[in-house]
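S.K.: Letter by letter, the sequence shown follows residues 1 to 322 in the UniProt record's numbering.
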Amino acid sequence: MYTHDNLSISVQVVSGKRPGPVMFVCAAIHGDEINGVEIIRRLLKDPQLKRLKGTLIAIPIVNVYGFINHTRYLPDGRDLNRSFPGSTRGSLTGRIAHTFMREIVAHCTYGIDLHTGARHRSNFPQIRANLEDEATLAMTEAFGAPLAIDAKIRDGSLRGAAGDIGVPVLLYESCEALRFDEIYIRAGVKGVLNVMRHLGMLRKSRAKVKKPLISRNTFWLRAPESGILRVLVPLGAEVQEGQTIGIIADPLGTSEVDVVAEAPGIVIGRTNLPLVYEGDALFHIASVDRRRKWEVEAFHEDHLPGEEDHDPEDMSSAPIAD
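Written out as structure tokens, the structure is:
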């Protein structure tokens, strides 16, 4: 750094006694997206890893600089997830990206990248991946997230750079920056373990994993007017074309404008900030196959903590309170 002090990235390597795939799981590529940090902490404590085949490489905080300062970016103002595969002669961000590719990704056969929504934006649990690739689709179906988006590869993303060297990567989105959500954390831990079972890294389970509802198109609803927003639907809600899902009013309430869904779909992201300017992105909606029933309540029930999760002898595993 400026002071000539080093700032290192912590990596935990769990090696199985028998050979198998090498998979990395990383979080906080955007330094303020911390839900995945807790997912990895719980993953590393899971007793099933004692029977691991192959190798698990866990990187809970990739962007240490952003994590310390509660920011998405690195000190040079760049987005790490738009800087891969990086360069040995590039900016600070580019050099970190290059080091991560060389020291981690190049040694792996698979990867899972954990993200959240940005500040004041929450994402419903979802997988974003290249579903045209058979290996990636199989991992996506094994994960067990309620929804999967066939997302285009963005230039400079870890997912894109890893794919270029033959390493399929899933991106798990959930929660909001600088926040924890117990249900979404539990879904993330369970999903990573499910993928490891699918890859033969862990013993298969008899429990059936529900395949995700797949979306190949998403769109944002934007504020038709500046004002104070009242949100009328929760994350994960199924909305219909023409449905009023929010209302924007002036502070006195003398003028009100409806925010209307332009097409049917599932609310996979939304703003949590009631103060909006005209044109601000308010609701992220995924178009889905209408022939399949959307079971959002079942997803929440499946991941609610039960009495068995409260162990007074091991409070480090206690569920996070709302």
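Here a beta-carbon is modelled for each residue, glycine too, at the ideal position from N, C-alpha and C.
1) CB-CB under 6 Å to T109, same chain, minus the five flanking residues each way: which ones, in chain order?
2) Just verifying my parser: in three-state terms, what is the DSSP assignment at Y172?
3) How about the region 113–133 and the region 174–194: do they share at least three Cβ pairs that are nearer than 8 Å?
4) Check for me: the alpha helix (DSSP H) holding E301 runs from which residue to which?
5) Using 8 Å as the threshold, is the region 239–254 in touch with the region 297–314, meaning 3 or more CB pairs across them?
6) Whose C-alpha, out of L158, R121, A97, G265, is nearest the C-alpha of N272?
7) Less than 8 Å between the CB atoms is what I'm expecting for V189 and I112, so what's the real figure, rounded?
8) Which one of V259, I266, L229 has the shortest CA to CA distance from K253?
9) List, from N- to C-terminal side, the alpha helix (DSSP H) runs of 4 residues or more that fit wholly inside the region 152–203.
10) Got a sec, what are the start and stop residues for the beta strand (DSSP E) T244 sits in?
11) May I ask you to report which of helix, strand or coil DSSP gives Y110?
12) Under DSSP, the alpha helix (DSSP H) around N35 begins and ends at which residues?
13) Quick check on the burial criterion: 16 or more other C-beta atoms within 10 angstroms. Buried or exposed for L171?
14) Considering only residues of the region 54–142, which uninterrupted alpha helix (DSSP H) runs meet the minimum length of 4 residues and lie entirely inside it, listed in chain order?
15) To the nearest angstrom, report how far apart I68 and D79 are at their CA atoms.
16) Indicate the three-state DSSP secondary structure (helix, strand or coil) for M1 in the structure shown.
17) So which of L92, R292, A28 has the shortest CA-CA distance to I59?
18) Suppose the cutoff is 6 Å on Cβ atoms and the five residues either side in sequence are ignored; what does the same chain contact list for P264 look like?
19) Just list the residues that DSSP pairs M23 with in beta bridges.
20) What's the gap between the Cα of Y277 and the Cα of P234?
21) In the DSSP assignment, find the unbroken beta strand (DSSP E) run with I214 in it and report its ends.
22) Apart from the five residues just before and just after F100, which ones in its own chain have a Cβ nearer than 7 Å to its Cβ?
23) The beta strand (DSSP E) spanning H30 covers which residue range?
24) Is the Cβ-Cβ distance between P168 and T136 less than 8 Å?
25) Applying the 10 Å Cβ sphere with the 16-neighbour rule, what's the burial state of residue 377?
26) In this structure, what does DSSP give as the bridge partners for E238?
27) Taking the alpha-carbon positions, what's the D280 to S255 distance?
28) At least one CB of chain B closer than 8 Å to the CB of R290: is that the case?
29) If H30 sits next to R72, beta carbons under 8 Å apart, how far is it from one beta carbon to the other, in whole angstroms?
30) Please state the DSSP three-state secondary structure of E308.
31) Using alpha carbons as the reference points, say which of T93, P75, D311, H4 lies closest to S83.
32) Are there 16 or more other CB atoms within 10 angstroms of the CB of Y65, so buried, or fewer, so exposed?
33) Compute the Euclidean distance between the alpha carbons of L147 and Y2, then round it to the nearest angstrom.
34) For S205, does the three-state DSSP call read helix, strand or coil?
35) Give the C-beta separation of S174 and N217 to the nearest angstrom, bearing in mind that I take them to be a contact with Cβ-Cβ under 8 Å.
M.R.: Let me spell this out:
1) P21, V22
2) strand
3) yes
4) 296–303
5) no
6) R121
7) Not confirmed; about 11 Å, so no contact.
8) In the sequence as displayed, the identity of residue 253 is Gly instead of Lys. Residue L229 is the option with its Cα nearest to G253.
9) 158–164, 182–198
10) 244–249
11) strand
12) 35–45
13) buried
14) 64–68, 92–103
15) 16 Å
16) coil
17) A28
18) Q240, E241
19) L56, Y110
20) 21 Å
21) 213–215
22) V62
23) Where H30 is concerned, there is no enclosing beta strand (DSSP E), given that its DSSP letter is neither H nor E.
24) yes
25) Since the displayed the chain opens at 1 and closes at 322, residue 377 lies outside it and no answer follows.
26) I266
27) 18 Å
28) The chain inventory of the structure shown lacks chain B, comprising one protein chain alone.
29) 4 Å
30) helix
31) T93
32) buried
33) 44 Å
34) coil
35) Wrong, their Cβ atoms sit about 21 Å apart, outside the cutoff.
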